[in-house]
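In our numbering, the protein residues as written are 157 to 456.
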Ligand SMILES: Nc1ncnc2c1ncn2[C@@H]1O[C@H](COP(=O)(O)OP(=O)(O)O)[C@@H](O)[C@H]1O
Ligand SMILES: [Mg+2]
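Written out as structure tokens, the structure is:
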């Protein structure tokens, strides 16, 4: 499951909630973040030190990892290069590290391939078990799309050999909606809705498929009825005035979101689910459980 969308709309939050839901439903689930990121364990209430590449169990059936391109490339090389001693020589060479750092798209290729590997029954390292569900917290729109496109680019460039063969396996899975869900996260505002609809088009060009699900996040539900608005306006006590103003703003926001949500639904090629804007100071395990519950109800 690949989660992408405009920056700041709640991708990481939704990815964590989807992983929690998957684990609750009995799937051996792992949430994967990209190199340098480690937010999901904390969101789920189990902050971990998290050495890159390590797979850590947060709670029964729920795991988290931060993808480590250099480590993943070494694991992959271990599969295709024989004898093993040669792999170790290669890994220690500068050319090897240089590939991930310098070749265009190499980090992306290795990262998406590693995410693919987490769901394989033959894992690259002995003793590792496959995951039933891998939730990848992918980067924002343009970079997210780049990540999804890279395996095809490498398959085209390499044409034959182990890199092309491996890249093709990843392309196959990404292109198949039955084996890979692509979740687009948006908020119900003009620009995020535009960007989501555009992302949907680009996805069709890049992978020949659409999104599996669109999540409209941060929805304000308290739209007031005409009568409630009159009542609020009529409450003239001094303390009521700021409350009335706050309610009015909230009402205006809800009305605006409704219009954008309608636009999103009209253009969407996948079901659109909504998640509420949760009040409070930052999100933690309780809020994530609430969001997972909402997703579960709407997806069942
Ligand atoms: N449903 C929600 N209710 C309240 N706050 C939210 C909600 N979803 C996300 N946030 C907050 O919005 C901010 C951006 O969310 P995040 O998941 O980091 O977005 P992204 O990964 O797309 O950049 C964070 O501070 C997060 O806590
Ligand atoms: Mg994020």
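Glycine included, each C-beta is placed from N, C-alpha and C at the ideal position.
query: Considering only C-alpha positions, which residue in the set 342, 307, 313, 341 is nearest to residue 325?
result: Against the chain shown, residue 325 aligns to sequence position 169. That would be 307, whose Cα lies nearest to the Cα of residue 325.
query: So, residue 400 versus residue 388, is the Cβ gap smaller than 9 Å?
result: Residue numbering aside, residue 400 sits at position 244 when the chain shown is read from its first letter. Residue numbering aside, residue 388 sits at position 232 when the chain shown is read from its first letter. Yes, the Cβ-Cβ distance between residue 400 and residue 388 is below 9 Å.
query: Does any heavy atom of ligand 3 sit closer than 8 Å to the C-beta of residue 167?
result: As presented, the structure is devoid of ligand 3, carrying ligand 1 and ligand 2 as its sole ligands.
- prompt: Does the distance from the C-beta atom of residue 288 to that of residue 189 stay below 9 Å?
  reply: Taking the first residue of the chain shown as 1, we reach residue 288 at position 132. Taking the first residue of the chain shown as 1, we reach residue 189 at position 33. Judged by beta-carbon spacing, residue 189 lies beyond the 9 Å limit of residue 288, meaning their Cβ atoms are not closer than that value.
message: For a quick check, are the C-beta atoms of residue 447 and residue 455 less than 9 Å apart?
response: Here residue 447 refers to the residue found at position 291 when the chain shown is read from its first residue. Here residue 455 refers to the residue found at position 299 when the chain shown is read from its first residue. One thing to note: residue 447 has its Cβ no nearer than 9 Å to the Cβ of residue 455.
task: Compare the beta carbon distance of residue 338 and residue 368 with 9 Å and say whether it is the shorter of the two.
output: As a working mapping, residue 338 is identified with position 182 in the chain shown. As a working mapping, residue 368 is identified with position 212 in the chain shown. In contact: residue 338 and residue 368 (Cβ atoms closer than 9 Å).
field: Cα-Cα separation between residue 278 and residue 453, rounded to whole angstroms
entry: Reading the chain shown from its first residue, position 122 is the one you call residue 278. Reading the chain shown from its first residue, position 297 is the one you call residue 453. If you take the alpha carbons of residue 278 and residue 453, they lie about 33 Å apart.
- prompt: Does the beta carbon of residue 195 fall short of 8 Å from some heavy atom of ligand 2?
  reply: Position 39 of the chain shown, counted from the first residue, corresponds to residue 195. For ligand 2, at least one heavy atom lies less than 8 Å from the Cβ of residue 195.
message: By the three-class DSSP mapping on this structure, what secondary structure does residue 449 have?
response: Counted from its first residue, the chain shown places residue 449 at position 293. Reduced to three states, the DSSP call for residue 449 is helix.
- prompt: If we count the other Cβ atoms within 10 Å of its Cβ and call it buried at 16 or more, is residue 258 buried or exposed?
  reply: Within the chain shown, the letter at position 102 stands for residue 258. Its Cβ having fewer than 16 others within 10 Å, residue 258 is exposed.
field: Whether residue 216 touches residue 179 by CB criterion (9 Å)
entry: For the purposes of this step, residue 216 is taken as residue 60 along the chain shown, with counting starting at 1. For the purposes of this step, residue 179 is taken as residue 23 along the chain shown, with counting starting at 1. For the pair residue 216 and residue 179, the CB atoms are nearer than the 9 Å cut-off.
message: Would you say the beta carbon of residue 293 is closer than 8 Å to some non-hydrogen atom of ligand 1?
response: For the purposes of this step, residue 293 is taken as the residue at position 137 of the chain shown. Within the cutoff, so yes.
query: Just reading off the alpha helix (DSSP H) that residue 331 is part of, what are its end residues?
result: Taking the chain shown and counting its residues from 1, the one referred to as residue 331 is at position 175. Run containing residue 331: 318–331, per the alpha helix (DSSP H) assignment.
field: Assigned secondary structure, residue 439 (DSSP; H/G/I helix, E/B strand, else coil)
entry: Here residue 439 is taken as the residue at index 283 of the chain shown, counted from 1. Under the three-state reduction of DSSP output, residue 439 falls in the coil class, being neither helix nor strand.
task: Measure the alpha-carbon distance for residue 361 versus residue 381 and round it to whole angstroms.
output: Start at 1 with the first residue of the chain shown, and residue 361 comes out as number 205. Start at 1 with the first residue of the chain shown, and residue 381 comes out as number 225. Distance between the alpha carbons of residue 361 and residue 381 is about 43 Å.
- request: Give me the Cα-Cα distance between residue 415 and residue 424, rounded to the nearest whole angstrom.
  value: In the chain shown, residue 415 corresponds to position 259, counting from 1. In the chain shown, residue 424 corresponds to position 268, counting from 1. Each residue's alpha carbon lies about 14 Å from the other.
query: For residue 225 versus residue 262, is the C-beta distance shorter than 9 Å?
result: The residue given as residue 225 occupies position 69 in the chain shown. The residue given as residue 262 occupies position 106 in the chain shown. Their beta carbons are under 9 Å apart, which means residue 225 touches residue 262 by this criterion.
task: On a CA-only basis, which of 418, 195, 269 is nearest residue 322? Give me that one, please.
output: Working through the chain shown from its first residue, we reach residue 322 at position 166. The candidate whose alpha carbon is nearest that of residue 322 is 269.
query: Which value, in whole angstroms, describes the spacing of the CA atoms of residue 203 and residue 197?
result: In the chain shown, residue 203 corresponds to position 47, counting from 1. In the chain shown, residue 197 corresponds to position 41, counting from 1. Taken atom to atom, the span from the alpha-carbon of residue 203 to that of residue 197 is near 5 Å.
task: Go through its chain and collect everything with a Cβ distance to residue 253's Cβ below 8 Å, but skip five positions before and after it.
output: The count along the chain shown starts at 1 and reaches residue 253 at position 97. Only 226 meet the Cβ criterion.
- prompt: In its own chain, which residues sit with a C-beta less than 8 Å from the C-beta of residue 240, not counting the 5 before and 5 after it?
  reply: To locate residue 240, count along the chain shown from 1; it is residue 84. Within the same chain, Cβ atoms closer than 8 Å to the Cβ of residue 240 are found at 234, the five residues on either side in sequence being excluded.
field: Under 9 Å between C-beta atoms of residue 428 and residue 439
entry: The residue given as residue 428 occupies position 272 in the chain shown. The residue given as residue 439 occupies position 283 in the chain shown. Cβ distance not < 9 Å, so residue 428 and residue 439 don't count as in contact.
For residue 219, three-class secondary structure by DSSP: To locate residue 219, count along the chain shown from 1; it is residue 63. Here DSSP, grouped into helix, strand and coil, assigns residue 219 to strand.
field: Beta carbon of residue 274 nearer than 9 Å to that of residue 290
entry: Position 118 of the chain shown, counting from 1, holds the residue named residue 274. Position 134 of the chain shown, counting from 1, holds the residue named residue 290. With a cutoff of 9 Å on beta-carbon distance, residue 274 and residue 290 are scored as near each other.
query: According to DSSP, what are the bridge partners of residue 404?
result: By one-based count along the chain shown, residue 404 stands at place 248. Answer is none; residue 404 lacks a bridge partner.
- prompt: Bridge partners of residue 161, per DSSP?
  reply: Position 5 of the chain shown, counting from 1, holds the residue named residue 161. In the DSSP output, where bridge partners are listed per residue, residue 161 has 341.
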